[in-house]
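Every number in this note's numbering is 3 more than the matching position in the sequence shown, counting from 1.
By construction, the Cβ of each residue, glycine as well, lies at the ideal position given by its N, Cα and C atoms.
Notes to accompany the following structure.
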Amino acid sequence: MHFTVLGEVKGWRGDAPLQLGPPQRRAVLAALLLRAGNAVTADELVEGIWGERPVPRAVAALRTHVAQLRRTLEPDRESRGPSTVLVSIGDGYALRIPPDATDVAEVERLVAAAGQVRDLDPHTAWTHLVAALDKWQGIALSGLPGPFAERQRSRLEQWRLAILEDRLALDIETGRSSDAVAELGPLIEEHPLRERFRALLMTALYHCGRQSDALDAYARARRALVDGVGVEPGPELSVVHERILRGALPMPAAATVQRAGIEQVPAQLPPDIADFTGRAQLVDELAAQLTGASSAVAISAVGGMGGVGKTTLALHVAHRVRDRFPDGQLYANLHGVDPLPTPPAAALGGFLRALGVAEGDIPSTLDERAAELRTRLSGKRILMVLDNALDYAQVAPLLAGSAVLITSRSALTELPSVTRTRLDVLEAAEALVLLERILGVDRVAAEADSARAVVALCGHLPLAVRIVGARLAVRPQWTIASFAERLADEKSRLDVLKTGELAVEAAFRLGYGQLTDEQAKAFRTLALAEVPDLSVDGIAAILGVTAPQAEELCESLVDLSLLETTAPGRYRFHDLLRLFACSIADEDESVLLVRVLDYYLASAKNLLSAIDYSNTTRLLVPTTVPGRAFAGGADGQAWNDIERPVVIALHQQAARIGGRALDVAADLAWVMAELMDAGTGARELSRALESMLDTAIAEDNLAAERRIRTALGALLQVGLGEVEASLPHLHAVSGPQGNDADRRLAVLASVLLGVAARRLGDADASHRHFEHATQLTRALGDRSMEAWCLALVTRTYCEAGQYDEALLMAERAIALAHESSNPVALGWATHELAATLSMLGEHQRAIELGTDAVRAARRNGVRLWEGWARTRLAQIHLQAGDPVEAESNAVEALRLLTKAADPIDRARAMALHAAALAARGRRGRAEQELEEAAEIFRRAGLSPPNLDRLYGAHAAETDVAGVE
């Protein structure tokens, strides 16, 4: 058997993992493992797991854990037989396993071996220490509760740091000073009072030719010690400082003389990460790119936002392919997002020293150093990893060897012949696996829903997930659910996502520090709009620049991995980056929101004008930007589909902020209601409108309330098929009016009430509502809207069997539509006239008019209206005895009405389709489809369609006409 405690406590019998049970049981096992065969009393175990105030029956619980461990460790032991592995000694226990059966024992062996050869063979000693540090698979005793685990975690961490100090010292001695500098910076931030780290950094900087930086490091060390604990630097720091001042710090042996007759093979890669997760396909692709057969240098660049795991991925890939580069591996952290990035000349100097070039032989100029490196690497299989690169100018002089792997937040667009990879956040399942590897599978499985919530709130960003895992790992008494609650508060989420010197916000701030003033302002401003993404035109309106300028700004932020592009011309923030940008924003959120809504309202006005629908736009609040222009209805329909999630998000934000933003959002909701096409997201839109309504009522904003109720009533009835739920909103708007805007809203509300009454079978009420709507249009002097109302009245008369009245209404509507140049009302009146003529037996003329109405609707470009026209034409063909054409039009109507989210009219089209199928002898499918249509009507609180009345005598002759 073999066990690990330097991470999650695990065990194996051969290659088979042992099921070690819950955290307390594994804590018992860990206490015994760390005593290395010595006995531990029951009292010691109880105190170590439950503390000074153990739970009742703690000893009994301990005995149960021991019994279960014995079953796991000795599965073949006879019942009640003596244990030979977990043995009893007095009232305590001990483990009888081989001395080398734990990872701790293996580390002890490697550290001892390093000590034995350190003076004679520092390279071999370095290899032993690297192997020892690789044994840590995360935080020791991860996820275990109790004082003993806490004490041992601290002890093992101090041991790891001591080994790390020795390995860093060997880094410097073996010519890896630049690597030591890169690694020591973060370590000092995490352990500011650990003097040996400071001394090693000064030594490494000196050997990199950075004497002034080394002296500055001493000044920072002294300030940290004096300010932190009130003491002066100790002897080691002071001696290093004094020797640097005198220029008397001895050079490492590897930097002054090559080992006898043997050329140095650099192995500078930092250790691979033990819990690397996901990215399997990407790892394979990068490995193939770097190891492909080519005479040219293979260059791969990995880009992405801060914290997304670029360095982790690069090092994992580099370790995977290192055997393909027998002449060595060079690594440099170029500190691209730090205030002082590594100069290319300094990086070249570090590489040359690692290759064994004596300090005095390193050229002084950048070009000479680059040429020397190319000469040294010519014909060799050497992998170079350039981590955290700033830009093309920094990396270009360094490119040499046979393969180069670069990480950068910048896109490095000027770099030629590069295979670029944009690294995204982890998939949800991958992020969950990463959390499991840090906390343990059992702990995550016990709170699976909360774990999924946590990684989602982390935006699946690896750095954020690691921070959460690290914080929870050392707090076994915390639940994952409690941490999810902390993360749920957006205002404090970034504060929660930090541990020690590791912080999501710090990673983002480094990238932000690279921005120009113009980029920084755009970054801060755009984040205030709480939307899924934004178009270039919208961004231009928000920033007050031209569209080309907006695109150039956004693309520059994409290149720096501070913004994402979802499609050409559309941009979005990662959730955590948006929170960071909002935290440093210097503009009022409400002012910004009004600007965004202003653009969308201006665009919606343009859309209404493009389809010549009504003169509603004159009644809306004035807008300050031109908005998006549309070539026609189809163009507008596509825009509406794309922007719908954005509009829903803006409504939600306006509901939260209120005030002027609510006024503009209410007008935008009104305009969208005029189109009546909710498309996808109808339910989400209804919730957003309900939130806006609550705010309008709370603010006593009657004008906004009327607009929102109209929009909500239209959405509930048309988009969701909830007729009864729409009525209170529509009745509230159809009453007394104070101005033209109120009257115009009442027209739409009354029309929808008329449609609802017709659907509910109350023809008289329907006529009253339509008459009220018509009177209001006349009071407004809006002949175009009057034509629309009369076209809808035609349908009520037709469905009531009052064909003469229907013909009269249709002809009046057509005349008014021509007079007011309203192609929409003309199309509607035409297909209602066609349906009436069909009922009177004038099938040929009805088909001609119905076909004209479909063409007009298609030209208009609004699919909902075309769906209605197609439904009428399908009815007309069915009435005329042509079920083939009826079926074809019904299918197309279903397609359009499904996309437009109109369940009631979709159900009507389904009933028509069923009738056509039955007429063609496909009785079984017809009955099934008609029942589906009937179910939609029942859910809407309506009676299923009467095919005899609605769809004509031919439909009534089929066996599917019996659904009422």
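*Go to residue 435, then tell me how far its alpha helix (DSSP H) extends in each direction, as first and last residue.*
431–442
With DSSP as the reference, label residue 23 as helix, strand or coil.
coil
Checklist line | Rounded straight-line distance, which links the Cα of residue 9 to that of residue 32 | finding: 13 Å
Specify, as a first and last residue, the run of the alpha helix (DSSP H) that residue 863 falls within.
-> 846–863
Exercise. The alpha helix (DSSP H) spanning residue 524 covers which residue range?
Worked result: Run containing residue 524: 520–529, per the alpha helix (DSSP H) assignment.
Exercise for the section: Could you tell me whether the segment 359–373 touches the segment 319–338, using the rule of 3 or more Cβ pairs below 8 Å? Expected result: no
Q. For the alpha helix (DSSP H) that contains residue 15, what are its first and last residues?
A. Unbroken run through residue 15 is the beta strand (DSSP E), 13–16; no alpha helix (DSSP H).
Taking residue 682 as the reference, give the member of 899, 919, 399, 670 with the closest Cα. 899
- Using alpha carbons as the reference points, say which of 637, 642, 867, 315 lies closest to residue 895. 867
Hey, residue 167 and residue 107: beta-carbon distance below 9 Å or not? no
Can you name, in chain order, every residue of its own chain whose Cβ lies under 6 Å from the Cβ of residue 889, other than the five neighbours on each side? 877, 880, 881, 919
Considering only C-alpha positions, which residue in the set 480, 585, 464, 695 is nearest to residue 311? 464
Residue 110: which of 126, 94, 136 sits nearest, CA to CA? 136
Of the residues 736, 508, 144, 726, the one placed nearest residue 443, counting alpha carbons only: 144
Between the C-alpha atoms of residue 343 and residue 500, what's the straight-line distance to the nearest angstrom?
26 Å
Are there 16 or more other CB atoms within 10 angstroms of the CB of residue 469, so buried, or fewer, so exposed?
With 16 or more Cβ atoms within 10 Å of its Cβ, residue 469 is classed as buried.
Would the beta-carbon of residue 42 fall within 9 Å of that of residue 100?
no
(Q) Quick check: what's the CA-CA separation for residue 968 versus residue 447? (A) It is not possible to answer for residue 968, since the shown part of the chain is limited to 4 through 967.
### Query
CA-CA distance, residue 778 and residue 587?
54 Å
Exercise for the section: Could you have a look at residue 869 and say whether DSSP puts it in helix, strand or coil? Expected result: Assigned with DSSP and collapsed to three states, residue 869 falls in helix.
Margin query: Tell me the DSSP secondary structure of residue 302 in three-state form.
Written below: strand
Based on DSSP bridge pairs, tell me the residues matched to residue 96.
43, 91
Report task. State yes or no: is the C-beta of residue 413 within less than 9 Å of the C-beta of residue 383? Result -> Between residue 413 and residue 383, the gap from beta carbon to beta carbon reaches 9 Å or more.
Would you kindly check if the distance between the Cβ of residue 134 and the Cβ of residue 164 is under 9 Å?
-> no
Have a look at the DSSP bridge pairing and note the partners of residue 336. Looking at the DSSP output, residue 336 shares a beta bridge with 390.
| message | Buried or exposed for residue 724, going by 16 or more other Cβ atoms inside 10 Å? | response | buried
| said: Using only CA atoms, which one of 370, 221, 865 lies nearest to residue 239? | reply: 221
| query | Which one of 662, 715, 739 has the shortest CA to CA distance from residue 703? | reply | 662
### Query
Between residue 424 and residue 314, which are expected to be in contact by the criterion C-beta below 8 Å, what is the C-beta distance as a whole number of angstroms?
Incorrect: roughly 14 Å between the Cβ atoms, too far for contact.
Just list the alpha helix (DSSP H) runs in the segment 180–216, keeping only unbroken ones of 4 residues or longer that don't cross its boundaries, in chain order. 180–193, 198–210
In whole angstroms, what separates the C-alpha of residue 515 from that of residue 478? 32 Å
Review point. Does the pairing of the segment 723–739 with the segment 755–762 give three or more beta-carbon distances under 8 Å?
Key: yes
With distances taken from CA atoms, which of 184, 201, 232, 270 is nearest residue 244? 201
### Task
Decide if the segment 631–642 is in contact with the segment 566–584; the criterion is three or more beta carbon pairs, one per stretch, under 8 Å apart.
no
Check your understanding: Looking at C-alpha atoms only, which residue of 823, 597, 299 is the closest neighbour of residue 532?
Key -> 597
*asked:* For residue 409, report the span of its beta strand (DSSP E) as first-last.
replied: 406–411 is the extent of the beta strand (DSSP E) around residue 409.
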